[in-house]
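Peer 1:
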Amino acid sequence: MKYNYLYSDNSPYGKAVDIIKKLDIKDDGVHLDIACGCAAINTGLKNHNYNFHYIGIDKDEETINHIKSEGIEAYSHTFSCDESDLNYIEKIIQGKKLKLVTILDFLEHIPTPECFLKMINKLCKKHNALLIVSVPNICHKDIAFKMMEGKFEYTKTGLLDTTHISLFSSNRLEQCMKNSGFQQVCNNDFILEKSDQNFPTDSTFLSNSTTTYKYLNHIKTLIDPFSNVSQFVRAYSPSEKTHKNEQNNCSSGPFLSVVTRTQGKRIEALTETLLCLTAQTNTDFEVLIIGHKLTNDGQIAVEKVINDLPNWMRQKVRLIKVNHGNRTTPLNVGFEAATGKYISVLDDDDIVFDNWVEEFHNLFKKFPGTILHTYSLKQKWEEIEIYESKALRACGGPDDSFCKDFNILEQVKNNFCPTMSYACPSYPFKKLGIKFNEQLSTTEDWDFLMRTAFLTGVSNSDKVTSIYRIWTNSANSYSEHNRHEWMKNENVSKNYFNKIPIVLPEGYVAKIPFCLNCNKSQKTDLVLTKLYVDYGHGFSESDTIFPTRQKIKNNLVFEGFPNKKIIHALRFDPSEYNMVWVSNIDIKIITTEDQTLNYTLNNIFSNGLKVYNGILFLKSDPQIHIPLTKPIKIKTAKISCNIDSNAPDFVFDKISKKKNIFFKILRKIKNTFINN
Amino acid sequence: MSTLQIQTILYNNKKEDLIKSLDSIKNAIKVSSSSNQEFDLINVCYGDASPSRVFSEKEIQTIKQHFEESFKFNYTYFDCNTGTSKGHNLLAKNCNTDYLLLMNPDIIFAPNFLTEIIKPFSNDSNVGIVEGRQVPIEHPKEYSVETGETSWSSGACTFTKTDLFHQVNGYDEETFFMYCDDVDLSWRIKLLGKKVIYQPRAMVFHAKRLSNEGQWKPTSAEAYYSAEAGLLMAYKWSNPDLLLKLITHFKASKDENLIKAVNNFEMRKEKNLLPEQLDKNHKVSQFIDGNYSEHRFAL
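One line per chain: the protein sequences are A and B, in this order.
For the first sequence, position 332 matches number 332 in this note's numbering, and the numbering has no gaps at all.
Just remember that this note's numbering sits 1000 ahead of the position in the second sequence, which is counted from 1.
Okay, structure coming up:
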């Protein structure tokens, strides 16, 4: 007998038994077990005190005779996937009530599983019976990663059993069941981090410490929630509706979907944005205007702007109202509703040149699948009142600071790409689950851009196709959200970026500043620093304060401490990187009672080495602890220091000893990078 | 209600751009009609100065029929390169509508353009010209945010009273081929005591592109005609110091457009073809840092 599986709770059979328990199926009827093998599922059910009237069917006569000898009702039969099978089953259940049908590890052995399932559907419908199906997952990451090596290794049993004819991914199983008239009622898949395909164990693609594995695993986990599933174990009931066979259609929409957020407060600007779209040289686009929390008047105004468009343009525009969420929510709604191959966000106050769509399309033809990036100018504008109405007026010249190619190393620190300067392929959003993070109240576009760019890469055109408007006298995201909020949101994204493996496109090694000529120590501006505050619960990312805008270089002022909260400790992180030299430290803590506490190198602690008038941090995540003799309330903290991102030689000379080879090697490595 | 003639001069323009422009005019008329209905008769006149016709007769008939419910379409093939000044004068010669809109051929109207462009005339009888706001690149010239008053109106979108246009004899076609004809027209209308108003709510899309340094890069022809017009403006509007400075600079430069421009000026001077000088007391003319008004920013 090939498949002499015994029951175990920690097996696909055990998962099937769990489903019966979860769905509270009563055992007052027949349990028909198709391709029953050694009736392992029956053993499991008995172990869990279920007393279904068990009937097993299998084509293997030897197996059937074996279990019959143990007193189990079983029949040897080869299914033909037609009415005769139904008649056969009805005959053996002898008019009893059929409660449960299990088809475990069978469908993958037959060429037309849908045909078979349609027959079973009639049976389940007649008896209102539950169906539990189990099939192996052909997309388990072990199989996927080995295929990268060119391997597809059949085994005697398991995921790639030599007798498997039909291969199932989650999608295929779902479609197969829908097309056969079933709807899923429970999912209890059997998960194996390392499946029976996890060999050879020294494969670079399977060893979980290798960079290759980590990157592939990151991608796979991101886009396939079933990457660790060895066996799909799912329960179904006959559905009321019939489903037509669904093909996986390619998008039939236009080339570009334009998502425009509006709150109905900037009607003049919205009119102008739509005028720019009317003027496009390439009209293969649709426009989704997402009206976020529109008032009645706002909705009327937006609808008038749309209705006033020329006929051909009006037909391209849809208004979708969203009444919940923050400013990020409309983006997810818009992207979800988009039908274009590509999607770009053009907010209701930005403007584009007539070649905006055309240039995206030109890039798409050369680099399909990538994010398409063009150049954008920045310009100051203001709202004015003239002839008793609002109007818009440019008050600054075009600024070319955004006119540069997308550089992932720069972009991961700061955003140089206004939303309308790029168009994202819809595939990552629609099919890979890359959504806008609605927990972010700002920087949501940058966060989404980076997570998509890590997968797709970015192609560039140096043509200017848009103007990003900075409003000097009206509400915008900079005025509505303070700097602290901006930096907090930025940090959430950066922390995520720091945890995932990233692939750099070709040509990036030359762009990494660390490897380029830097033959003198570089003083770093204190722009990425923050103060951690302990309110009695220890230090955490959620309790940080960022410096207010610096007027004097290297002098930081931290304000905005909560008035009534007592502070137990402070920690100052001068940088994120190692090999940093922090010198001339002068810290003043001003309490709410206007008492000033002074700190210098002599009365602070750190995870670095004190050398001369500073601290050398050899490890990353440098920290300076500012000890408070007692818990206090703080008004302001002022920190002044110099930070060299490349510690000078004299510091190394001081700490190296003649026989200490470690420091000699360290210095040699440092100088190698500098000189090359 | 009023009557309006919209006119433009073609030169090798793409048909699809022109049809899009006409469609936007039709839409603006529809929007205007559904609100205050400013105009009860509109003519749209094309003067084609291209080496060969942009539209065939058959195409013209199709256009006429397609838009006949919105406006009356006229097409004149000049069979020579008239330039914009002379071309507009020819089109306006027998025009007797209340208003005249002089524009570039690829201009696309915002839906509410007609409603907005006429507003300043309703507010002040001393208004001579109203200029619409160009999108996406707004012209940097200064205007009063209280009154809308500005130094001159761009020929890309100039809305004026027809009788006023005739009163000043239209564009100075003898002096200006295609650049600064609009500045000159504006200032001559101002000499009559009329105002030039900028109406930022009356938007038109004018397809211009900027370099990736945010600069406008003129073509060689544009550079030449701009230089030529600069000399003529300095002369006609009585700025001898500026004229001398330009002549000296152009002669000293190695730019063939500038040298050609100064040669042309001197040829005109020799043949007594220079225009009559105006505004000797500098009541309306402005020459500021190479521009004809204050500018809000550099472009």
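Glycine is no exception: its CB is placed at the ideal position from the N, C-alpha and C atoms.
For clarity, every value in this text was computed on a predicted model and none was experimentally measured.
State the start and end residues of the unbroken beta strand (DSSP E) segment that holds B/Gln1077.
Peer 2: Taking the second sequence and counting its residues from 1, the one referred to as residue 1077 of chain B is at position 77. Correcting the residue identity first, residue 1077 of chain B is Tyr in this sequence and not Gln. Residue range 1072-1077 is occupied by the beta strand (DSSP E) that includes B/Tyr1077.
Peer 1: Could you name the residues of chain A that B/Lys1119 contacts, counting a contact when the two beta carbons are closer than 8 Å?
Peer 2: Taking the second sequence and counting its residues from 1, the one referred to as residue 1119 of chain B is at position 119. Simply Tyr387.
Peer 1: Identify the continuous alpha helix (DSSP H) that holds A/Tyr496 and give its terminal residues.
Peer 2: Reading the first sequence from its first residue, position 496 is the one you call residue 496 of chain A. Start and end: 483-499.
Peer 1: Can you tell me the Cα-Cα spacing of A/Val527 and A/Asn555, whole angstroms?
Peer 2: Counting from 1 along the first sequence, the entry for residue 527 of chain A is found at position 527. Counting from 1 along the first sequence, the entry for residue 555 of chain A is found at position 555. The pLDDT assigned to A/Val527 is 44, lower than 50, so where the model puts this residue is not dependable, and the model offers no usable value.
Peer 1: In terms of residue numbering, what span does the alpha helix (DSSP H) encompassing B/Asn1263 cover?
Peer 2: On the second sequence, position 263 is the one that residue 1263 of chain B refers to. Its alpha helix (DSSP H) spans residues 1256-1270.
Peer 1: Between B/Gly1214 and chain A, is there a C-beta pair that is closer than 7 Å?
Peer 2: Counting from 1 along the second sequence, the entry for residue 1214 of chain B is found at position 214. Answer yes: the Cβ-Cβ gap between B/Gly1214 and chain A drops below 7 Å somewhere.
Peer 1: For B/Asn1043, does the three-state DSSP call read helix, strand or coil?
Peer 2: Stepping through the second sequence from its first residue, residue 1043 of chain B is reached at position 43. Under the three-state reduction of DSSP, B/Asn1043 is assigned to strand.
Peer 1: Using a Cβ cut-off of 8 Å, which residues of the segment 349-362 of chain A contact any Cβ in chain B, in chain order?
Peer 2: Cβ contacts with chain B come from Ile351, Val352, Phe353, Asp354, Asn355.
Peer 1: Would you list the one or two residues that DSSP bridges to A/Glu336?
Peer 2: Position 336 of the first sequence, counted from the start, is the residue given in the question as residue 336 of chain A. Answer is none; A/Glu336 lacks a bridge partner.
Peer 1: Reducing DSSP to helix, strand and coil, say where B/Cys1157 ends up.
Peer 2: Translated into the one-based positions of the second sequence, residue 1157 of chain B becomes position 157. The answer is strand: DSSP assigns B/Cys1157 an E or B state.
Peer 1: Assuming B/Ser1085 and B/Glu1173 are in contact, meaning their beta carbons sit under 8 Å apart, how far apart are those beta carbons, in whole angstroms?
Peer 2: Your numbering for residue 1085 of chain B matches position 85 in the second sequence. Your numbering for residue 1173 of chain B matches position 173 in the second sequence. At roughly 4 Å, the Cβ-Cβ gap stays under 8 Å, so B/Ser1085 and B/Glu1173 are in contact.
Peer 1: Using 8 Å as the cut-off, can you tell me whether the segment 381-392 of chain A makes contact with the segment 425-443 of chain A, which would need three or more C-beta pairs spanning the two stretches below that distance?
Peer 2: Contact fails: fewer than three Cβ-Cβ distances are below 8 Å.
Peer 1: If we define contact as Cβ-Cβ less than 7 Å, is A/Cys518 a contact residue for chain B?
Peer 2: Within the first sequence, residue 518 of chain A is the residue found at index 518, counting from 1. Caution applies to A/Cys518, whose pLDDT of 38 falls short of 50 and renders its modelled position unreliable; the model cannot decide the point.
Peer 1: Under the three-state reduction of DSSP, which class applies to A/Glu286: helix, strand or coil?
Peer 2: Residue mapping note: residue 286 of chain A aligns to position 286 of the first sequence, counting from 1. Looking at A/Glu286 - three-state DSSP - the assignment turns out to be strand.
Peer 1: For a quick check, are the C-beta atoms of A/Ser376 and A/Ser421 less than 7 Å apart?
Peer 2: Along the first sequence, one-based indexing puts residue 376 of chain A at 376. Along the first sequence, one-based indexing puts residue 421 of chain A at 421. Contact: yes.
Peer 1: Can you give me, in chain order, the residues of the segment 1002-1016 of chain B that have a beta carbon less than 9 Å from any beta carbon in chain A?
Peer 2: Glu1016
Peer 1: Does B/Asn1023 come within less than 7 Å of chain A when only Cβ atoms are used?
Peer 2: Along the second sequence, one-based indexing puts residue 1023 of chain B at 23. Before going on, a small fix: residue 1023 of chain B reads as Asp here, not Asn. Cβ-Cβ to chain A under 7 Å: yes for B/Asp1023.
Peer 1: For a test of the three-state rule: what should DSSP assign to A/Arg469, helix, strand or coil?
Peer 2: As a working mapping, residue 469 of chain A is identified with position 469 in the first sequence. Correct three-state label for A/Arg469: strand.
Peer 1: Closer than 6 Å by C-beta to B/Arg1209: which residues in its own chain qualify, once you throw out the five before and the five after it? Chain order, please.
Peer 2: Position 209 of the second sequence, counted from the first residue, corresponds to residue 1209 of chain B. Excluding residues within five positions, none has a Cβ falling inside 6 Å.
Peer 1: A/Leu309 versus chain B: which residues are under 8 Å apart at the beta carbon?
Peer 2: Residue numbering aside, residue 309 of chain A sits at position 309 when the first sequence is read from its first letter. Correct list: Asn1027, Pro1111.
Peer 1: Can you check which of these residues, A/Pro622, A/Asn362, A/Cys641, A/Thr328, is closest to A/Thr600 by C-alpha distance?
Peer 2: Residue mapping note: residue 600 of chain A aligns to position 600 of the first sequence, counting from 1. Among A/Pro622, A/Asn362, A/Cys641, A/Thr328, the Cα nearest to that of A/Thr600 belongs to A/Cys641.
Peer 1: Cβ of A/Cys81 less than 7 Å from any chain B Cβ?
Peer 2: The sequence position of residue 81 of chain A within the first sequence is 81, counting from 1. No, no contact with chain B.
Peer 1: Comparing the C-beta of B/Met1203 with each C-beta of chain A, is any distance below 7 Å?
Peer 2: As a working mapping, residue 1203 of chain B is identified with position 203 in the second sequence. Yes, its Cβ sits closer than 7 Å to a Cβ of chain A.
Peer 1: Take A/Ile351 as the anchor and find which of B/Leu1010, B/Ser1125, B/Val1135 has the nearest alpha-carbon.
Peer 2: Here the question's residue 351 of chain A lines up with position 351 in the first sequence. It is B/Val1135 whose Cα lies nearest to the Cα of A/Ile351.
Peer 1: For the segment 308-315 of chain A and the segment 1162-1178 of chain B, state whether three or more C-beta atom pairs, one from each stretch, are separated by less than 8 Å.
Peer 2: no
Peer 1: What separation, rounded to the nearest whole angstrom, lies between the Cα atoms of A/Pro631 and A/Phe617?
Peer 2: As a first step, residue 631 of chain A must be located in the first sequence, where it is residue number 631. As a first step, residue 617 of chain A must be located in the first sequence, where it is residue number 617. Rounded to the nearest angstrom, the two C-alpha atoms are 28 Å apart.
Peer 1: Show which residues of chain A have a CB atom less than 8 Å away from the CB atom of B/Ile1108.
Peer 2: Taking the first residue of the second sequence as position 1, residue 1108 of chain B is located at position 108. Within chain A, the residues near B/Ile1108 are Leu275, Thr278, Ala279.
Peer 1: In or out: A/Met119 buried (at least 16 other Cβ within 10 Å) or exposed?
Peer 2: Residue numbering aside, residue 119 of chain A sits at position 119 when the first sequence is read from its first letter. By the 10 Å Cβ count, A/Met119 comes out buried.
Peer 1: Using a Cβ-Cβ cut-off of 6 Å (strictly less than) and excluding sequence neighbours within five positions of A/Cys250, which residues of its own chain qualify?
Peer 2: Mapped onto the first sequence, residue 250 of chain A falls at position 250. Confidence at A/Cys250 is low in this model, with a pLDDT of 48, below 50, so its placement is unreliable and no value can be given for it.
Peer 1: Measure how close the beta-carbons of A/Ala647 and A/Met579 come, nearest whole angstrom, since I'm counting them as under 8 Å.
Peer 2: Residue 647 of chain A sits at position 647 when you count from the first residue of the first sequence. Residue 579 of chain A sits at position 579 when you count from the first residue of the first sequence. Yes, they are in contact, since the Cβ atoms of A/Ala647 and A/Met579 sit about 6 Å apart, within 8 Å.
Peer 1: So B/Gly1290 contacts chain A; which residues on that side make the cut at Cβ distance below 9 Å?
Peer 2: As a working note, residue 1290 of chain B is residue 290 in the second sequence. Result: empty, since nearest Cβ-Cβ is about 15 Å, beyond 9 Å.
Peer 1: With DSSP collapsed to three states, give me the class of A/Cys250.
Peer 2: What you label residue 250 of chain A is simply residue 250 of the first sequence in a count that begins at 1. With a pLDDT of only 48 at A/Cys250, under 50, the local geometry of the prediction cannot be trusted, and the value read off the model is given with reservation. A/Cys250 falls in the coil class under three-state DSSP.
Peer 1: Does B/Glu1069 have its Cβ less than 7 Å from a Cβ in chain A?
Peer 2: Taking the first residue of the second sequence as position 1, residue 1069 of chain B is located at position 69. For B/Glu1069, the answer is no, since every Cβ of chain A falls outside 7 Å of its Cβ.
Peer 1: Over the uninterrupted beta strand (DSSP E) stretch that includes A/Phe650, give me the two end residues.
Peer 2: Residue 650 of chain A sits at position 650 when you count from the first residue of the first sequence. That residue, A/Phe650, is in no beta strand (DSSP E); its alpha helix (DSSP H) goes 649-655.
Peer 1: Which partner residues of A/Gln183 appear in the DSSP bridge assignment?
Peer 2: For this step, residue 183 of chain A is matched to residue 183 along the first sequence. DSSP lists A/Ser237 as partners of A/Gln183.
Peer 1: How big is the Cα-Cα spacing for B/Asn1015 and B/Ser1070?
Peer 2: Here residue 1015 of chain B refers to the residue found at position 15 when the second sequence is read from its first residue. Here residue 1070 of chain B refers to the residue found at position 70 when the second sequence is read from its first residue. Sequence inspection shows Lys at residue 1015 of chain B; the Asn mentioned does not correspond to that position. One C-alpha to the other measures close to 19 Å.
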